[in-house]
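Take full-length UniProt numbering: the final residue in the sequence shown is number 99, and no numbers are missing along the way. Quick reminder that beta carbons are idealized off the backbone N, C-alpha and C, glycines included.
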Amino acid sequence: DAAFDAGVNFFDSAEMYPVPQRAETHGRSEELVGRWLRARRVPRDSVVLATKVAGPSGQMTWIRGGPVALDSRNITEAIDSRFAQIGCGLHRPLPDTLA
């Protein structure tokens, strides 16, 4: 609250956060940001939410089965999952932007 009240409006996350990454905490940072947005009733157009997609690493098998490629299917699945985790009515880009 204090950061937002002081003018901070950019919030960064990733599907592998928090670090160190563990299956038990997967998506927790986005869950907390979404909960805060809803509880505070922050207008969606007043914040920028950034998230990142985990690429192939041979680790983090709890993320999309351990992605083997950073292709449009994995990106689309990651975006949909991240928006669901945040849970505040976000929409992903149209599929042709991921081709």
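Where does residue i sit, in a helix, a strand or coil, going by DSSP?
i: residue 100; result: The question about residue 100 has no answer, for the chain in this structure spans 1 to 99.
If we call anything under 8 Å between Cβ atoms a contact, is residue i one with residue j?
i: residue 51; j: residue 82; result: yes
i: residue 78; j: residue 48; result: no
i: residue 9; j: residue 46; result: yes
i: residue 55; j: residue 43; result: no
Rounded C-beta distance between residue i and residue j? I'm assuming under 8 Å.
i: residue 86; j: residue 30; result: 5 Å
Taking 8 Å as the CB-CB limit, is residue i close to chain C?
i: residue 85; result: As a matter of chain content, chain C is missing from the structure shown, which is built from one protein chain.
| Touching by the beta-carbon criterion (3+ pairs, under 8 Å), the region 15 to 32 and the region 58 to 73 | Taking a cut-off of 8 Å for Cβ pairs, the region 15 to 32 and the region 58 to 73 touch, as three or more such pairs fall below it.
| request: State whether the region 28 to 40 contacts the region 3 to 16, with contact taken as three or more CB pairs (one from each stretch) at a distance under 8 Å. | output: In short, these stretches touch, since the Cβ pair count reaches three.
| Which full runs of the alpha helix (DSSP H) of 4+ residues lie inside the UniProt domain "NADP-dependent oxidoreductase" (1 to 80), going along the chain? | If only complete runs of 4 or more residues are kept, the UniProt domain "NADP-dependent oxidoreductase" (1 to 80) shows the alpha helix (DSSP H) at 2 to 5, 28 to 40, in order along the chain.
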